[in-house]
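Presented below is the structure to which this report refers.
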Amino acid sequence: MAETSFWFVIAMTVLSAGIVVLSNQLIYSAMALLFTLFGVAGIYVFLWADFIAGVQLLVYIGGILVLIIFGIMLTNRISSVRLSQTNVQQGVGGAIGIWFFILISLVISKTPWLQADAVEPAGTVAGVGTLLLTKYLLPFETISLLLLGALIGAALLSRKEN
Amino acid sequence: MYELNTYLFVAAILFSLGVFGVMTRRNGIAILMGVELILNAANINFVAFSRFGGMNLDGHIFALLVIVLAAAEAAVALAIIINIYNNMNTINVDEASAMKE
Numbered sequence: 000m001a002e003t004s005f006w007f008v009i010a011m012t013v014l015s016a017g018i019v020v021l022s023n024q025l026i027y028s029a030m031a032l033l034f035t036l037f038g039v040a041g042i043y044v045f046l047w048a049d050f051i052a053g054v055q056l057l058v059y060i061g062g063i064l065v066l067i068i069f070g071i072m073l074t075n076r077i078s079s080v081r082l083s084q085t086n087v088q089q090g091v092g093g094a095i096g097i098w099f100f101i102l103i104s105l106v107i108s109k110t111p112w113l114q115a116d117a118v119e120p121a122g123t124v125a126g127v128g129t130l131l132l133t134k135y136l137l138p139f140e141t142i143s144l145l146l147l148g149a150l151i152g153a154a155l156l157s158r159k160e161n
Numbered sequence: 000m001y002e003l004n005t006y007l008f009v010a011a012i013l014f015s016l017g018v019f020g021v022m023t024r025r026n027g028i029a030i031l032m033g034v035e036l037i038l039n040a041a042n043i044n045f046v047a048f049s050r051f052g053g054m055n056l057d058g059h060i061f062a063l064l065v066i067v068l069a070a071a072e073a074a075v076a077l078a079i080i081i082n083i084y085n086n087m088n089t090i091n092v093d094e095a096s097a098m099k100e
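Protein chains in written order, with numbering that gives the first Met the number 0: chain A, 0 to 161; chain B, 0 to 100.
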């Protein structure tokens, strides 16, 4: 059962990622991105990262995806047919993409990864929280400052000038 | 199923598709979606290495930071794209390539 759902999640992630980059309808791409992000959250669950999976659902699907759909709707006239868009230079792009995949696959399969045994933790929230406020306090504060700056900048940029 | 390589291959597929999308898409928002795919591939790698490196939680922190960066990037990128649309009436990056209106 776990095995079946694992491969189902993998297939959903990869197939919908294909739709994201290949679909001619922008809104279909955004919908496919929803399934990709959901699949990635599922992969995090299989990797015992429960907190990251929750953050993925909250921030990516609840925040970034909604932002992207808003962007699509603000930059296209929904009633017109201009929502469609075509890819250019698929040959070159496909060749470079496949070349990247072959290169990374070779690296993955040739490298003897050092692995350590681990037992499944009861939860990762406490551990992540402790790390964030002790060992990684400075990066945590820096990234929160960056997020604040970026959001203020985005609000300033998209404001109507008078 | 419980092998590191499976996850790494999935991340490699997502990364390659993201690169393909960034290179072939004309619409600015579609390019942004390709970037999100690439960031997700990197995140899968971080969490997978964390899981198979003895459940070391450092990788989770990196994944969190990447997610926050993605949120900041999406907000700024969409603000820029909307500005481009207001000024040039298109967000196809090959049509909106002039440095001035």
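For glycine and all other residues, C-beta sits at the position ideal for the given N, C-alpha and C.
Computed from a predicted model, the values in this text were never measured in an experiment.
Item, Value
"Below-8 Å beta-carbon distance, Asn86 of chain B vs any chain A residue", "no"
"Beta-carbon proximity of Gly27 of chain B to Ile90 of chain B, cut-off 8 Å", "yes"
"Near-chain B residues of the segment 132-155 of chain A (beta-carbon distance less than 7 Å), N- to C-terminal order", "Tyr135, Pro138, Ile142, Leu145, Leu146, Ala149, Leu150, Gly152, Ala153"
"N- and C-terminal bounds of the alpha helix (DSSP H) containing Pro138 of chain A", "136-157"
"Pick from A:Ile142, A:Ile60, A:Tyr43 that is closest to Ala71 of chain B, judged by C-alpha positions", "A:Ile142"
"CB of Ile66 of chain B within 8 Å of CB of Thr74 of chain A, strictly", "no"
"Member of B:Arg25, B:Gly17, B:Ile60, B:Thr5 whose CA lies at the smallest distance from the CA of Ser96 of chain B", "B:Arg25"
"Cβ neighbours of Tyr6 of chain B in the same chain (closer than 7 Å, five flanking residues each side left out)", "Ile43, Ala47"
"Reference Ile63 of chain A, options B:Thr23, B:Leu38, B:Phe51, closest by Cα", "B:Leu38"
"Alpha-carbon spacing of Leu156 of chain A relative to Leu144 of chain A, whole angstroms", "18 Å"
"Leu68 of chain B vs Val127 of chain A beta-carbon contact at 8 Å", "no"
"Identified DSSP bridge partners for Ala115 of chain A", "B:Gly52"
"Cβ-heavy atom distance, Thr89 of chain B to the ligand FAD, below 7 Å", "This structure lacks the ligand FAD; in fact it carries no ligand of any kind."
"Own chain, CB closer than 8 Å to Ser22 of chain A, minus 5 neighbours either side, in chain order", "Ser28, Ala31"
"CA-to-CA distance, Leu33 of chain A to Glu94 of chain B, given in whole angstroms", "28 Å"
"Ile67 of chain A and Val18 of chain B closer than 8 Å at C-beta", "no"
"Run of the alpha helix (DSSP H) containing Gln89 of chain A, from where it starts to where it stops", "89-109"
"Test: Ser15 of chain B CB closer than 8 Å to a CB of chain A", "yes"
"Status (buried if at least 16 other CB within 10 Å, exposed otherwise) for Val9 of chain B", "buried"
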